[in-house]
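Input: a single structure, listed below in C-alpha cells.
2 protein chains.
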Amino acid sequence: MSTERRRRMPRAQRERQMVTVAEEMFAERGYQAASMDEIAERVGVSKPMLYEYFGSKEGLLVACIRRARAELLAAITGAVDGVANPEDALRAGLVAFFEFTDSHRRAWQLIRREAVAAGQAAADEIEAIRAQQSAIDAALLARFRPDAPQRDLEAAAEIIVGACERLSIWYVERDGLDRVTAKQAAEYVMDLLWYGLRSTLGSPT
Amino acid sequence: MSTERRRRMPRAQRERQMVTVAEEMFAERGYQAASMDEIAERVGVSKPMLYEYFGSKEGLLVACIRRARAELLAAITGAVDGVANPEDALRAGLVAFFEFTDSHRRAWQLIRREAVAAGQAAADEIEAIRAQQSAIDAALLARFRPDAPQRDLEAAAEIIVGACERLSIWYVERDGLDRVTAKQAAEYVMDLLWYGLRSTLGSPT
DNA sequence: AGTCTAACTTACTCGAAGTAGGTTACCTCC
DNA sequence: GGAGGTAACCTACTTCGAGTAAGTTAGACT
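Listed in order, the protein sequences are those of chains A and B. Residues in the first sequence are numbered consecutively from 1, following the working numbering. Residues in the second sequence are numbered consecutively from 1001, following the working numbering.
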C-alpha cells in the first residue's frame, strides 16, 4: 500500500505539470483520441481541475502550443540577438529553428499534426507561431534591405517560413538513415534562398 | 406541403453528393463542430448512410481530402505537361497551384485547417498531398539536373512545397487589399528560388 | 406478379466533454 | 493554538454526438 498522499500544489506549478502531461498525451495518442479523464489521472488529479484551469480540452491544447511558441521564440531571438551581419543572423536563426524542432520533437509534432483538431482557437494559436516567425524574418530582411517594398518583404518572409516548416518535417522524418544536421538543413535553405534574396529585394550588396 | 419525394440514387452519385456537402460543412464549421447528423440532413438522407459509405466521420473527411488531391494533381499535371523548358514548366506548375488554391478555397481551407482533427488517416492523406507535390517538383528538378544528388533534390523539392503552401495562405488571406494574382505569387517563388536552384544543383546552364 | 438486393430508415447504445455543488488542506492573523 | 477564509480539490451527474443493430421499401429484372 503506497501511502503516497497526493500533494497539493500552487496553481502555477500544477498548470505547468498539466501542460507537460497533456503535451505527452496529445503527441502520443493524438488530440482526438486523448481523453481528459486520462490526462487528469496521469497528472494525479481529477478532471474538473483541468477545466478549472484551462476551460476546455481545446484550451489545454492552446496552452501546450503557446508554451512551445514561447520557447521557440526564446531560442531564436537568443541565437539572432547581437549578430550584426544579416546573412549570419538569418543563418543563425535557421540553425536555431532546426535545432529546436529536433530537440522538441514532441511539441513540434503536436503543432504540425494536432493542429486544428479542436477548432478556431488552436488554429489561431498555431497561425500565431507562423506569424511570429514571419515577423522575425521580415524584420531581419528589412534591416538588410530597408528600401524594398513591404509586400515583397512579407512574401519573402512567408516563403522562408514555409520552406523551414516543411524542411524541418522532412529533416525530422529521415531520422535514421543518413542523418541531416540542423546546420545542413539551414545551409539548404540559405543556398536556395540567399541568392534570390540578394537580387530580388533591391540591388545586391 | 412539398410533396418532394426523396429520390433514390445510385451509390456513386450519392457519394459524390455527400462529399460535396461534407466539404461545405467542414469548411464552414470546422471538422470538430460539424455533426454527422447535420451533414446527413443536408444531404437529405439518414446518418447510417454516411457510415455505410464512408465508415466513419474521419473516413468522410479523408474522402474530401482525397478528392481535392486528385483535382490538384490534375490541374498541375495539366499545366506542366508538354512544357519542355524546366524553368517554364516550374513556373507553369506554380501558377496552376496558386490558381487552384484560389479557386478551390473551400477545399484548400479544409486541407490546411482541419487537417489532423480526426487522427492518423486524415493526417496521412494530407501528408500524401504534400508528398505528391514534392514528387512532382523533384521529378521536375531531376530533369533539369540529372547529376545532382538525390538528397539535395529532395530538400529543394520540400523547400518549394513549403514555400508554396505558406505563400498560398498569405496570398489567399490578403484577399481584399492590394490583390496579388496567382501569376505574381508564382513570380515571387521563382525569383527567390530560381537563382538558388541553378547554382546549387550543379553547374549553371 | 413475384423476387432479390441496393438504398434507405428508426431507434437505439456508448463514451467522452463538460458541470453543479460540496469538501478539505493549508495559510493567516489573532 | 484555534477560528476563518480561500485555493485546491473531489464525487456524481448531464449532455451531446459518434457509431450501430435490425428492419423496411423502391425499383430492376426475370
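Backbone N, C-alpha and C define an ideal beta-carbon position, used for all residues, glycine too. Since we're looking at a predicted model, the values are computed, not measured.
Against chain B, the CB of residue 154 of chain A has a partner CB under 8 Å away; the residue lies at that interface.
For chain A, the residues of the stretch 1057-1070 of chain B that bring a beta carbon within less than 9 Å of one of its beta carbons are 1058, in chain order.
Look at residue 76 of chain A: its C-beta is not under 8 Å from any C-beta on chain B. Listed in chain order, the alpha helix (DSSP H) elements of length 4 or more contained wholly in the stretch 1082-1154 of chain B are 1086-1103, 1105-1113 and 1120-1144. Contact between the stretch 121-132 of chain A and the stretch 177-193 of chain A is absent, with fewer than three C-beta pairs closer than 8 Å.
With 16 or more other Cβ atoms inside 10 Å of its own Cβ, residue 165 of chain A counts as buried. By the C-beta criterion, the stretch 1084-1092 of chain B is judged to be in contact with the stretch 1185-1194 of chain B, since at least 3 inter-stretch pairs fall below 8 Å. The shortest C-alpha to C-alpha distance from residue 1033 of chain B to any of A/58, A/36, A/172 and A/39 is the one to A/58. Residue-level contact check: residue 1094 of chain B does not touch chain A, since none of the beta carbons of chain A fall below 8 Å from its beta carbon.
Spatial neighbours of residue 76 of chain A in its own chain (CB-CB distance under 7 Å, excluding positions within 5 residues in sequence) are listed in chain order as 93, 96, 97 and 136. Within the model, the alpha-carbon separation for residue 1111 of chain B versus residue 1069 of chain B is close to 9 Å. By the neighbour-count criterion, in which a residue is buried when 16 or more other Cβ atoms sit within 10 angstroms of its Cβ, residue 1150 of chain B is exposed. Taking a C-beta cut-off of 8 Å against chain A, the contacting residues of the stretch 1023-1055 of chain B are 1030, 1031, 1032 and 1033, listed in chain order. Interface flag for residue 125 of chain A against chain B is unset, since no Cβ pair is found closer than 8 Å.
As summarised for the stretch 19-86 of chain A, the continuous alpha helix (DSSP H) elements at least 4 residues long and confined to that stretch are 36-43, 47-54 and 57-80, given in chain order. In the three-state reduction of the DSSP assignment, residue 1172 of chain B falls in the helix class, which pools H, G and I. Rounded to whole angstroms, the Cβ separation of residue 1015 of chain B and residue 1051 of chain B is 13 Å, and the two are not in contact under 8 Å. Selection B/1049, B/1140 and B/1175 evaluated against residue 1082 of chain B yields B/1140 as nearest (Cα-Cα). Counting other Cβ atoms within 10 Å of its Cβ, residue 196 of chain A reaches 16 or more and is therefore classed as buried.
Burial state of residue 9 of chain A is exposed, judged by a 10 Å Cβ sphere holding fewer than 16 other Cβ atoms. Separation of residue 1025 of chain B and residue 1134 of chain B (C-alpha to C-alpha, rounded to the nearest whole angstrom) is 29 Å. Distance check between residue 74 of chain A and each of A/129, A/191, A/12 and A/48 places A/129 closest, using alpha-carbon atoms only.
With a cutoff of 8 Å on beta-carbon distance, residue 105 of chain A and residue 172 of chain A are scored as near each other. A Cβ-Cβ distance of about 6 Å is found for the pair residue 154 of chain A and residue 138 of chain A, placing them in contact under the 8 Å criterion. Using beta-carbon distances, residue 1170 of chain B counts as an interface residue toward chain A, with a partner under 8 Å. Below the 7 Å Cβ cutoff, chain A contributes no neighbours of residue 1007 of chain B, its closest Cβ being approximately 35 Å away.
Contact of residue 15 of chain A with chain B is not assigned, every C-beta pair being separated by 8 Å or more.
A distance below 6 Å between beta-carbons, with the five flanking residues on each side excluded, links residue 1157 of chain B to the following residues of its chain, in chain order: 1134, 1137 and 1138.
In this structure, the straight-line span from the alpha carbon of residue 1152 of chain B to that of residue 99 of chain A is close to 20 Å. In this structure, residue 22 of chain A places its C-beta atom within 8 Å of the C-beta atom of residue 60 of chain A. A straight-line Cα-Cα distance of about 33 Å links residue 1045 of chain B and residue 36 of chain A. For the pair residue 1119 of chain B and residue 120 of chain A, the CB atoms are not nearer than the 8 Å cut-off. Close CB contacts of residue 63 of chain A within its chain, under the 7 Å cut and outside five residues either way in sequence, are with 19 and 54 (chain order).
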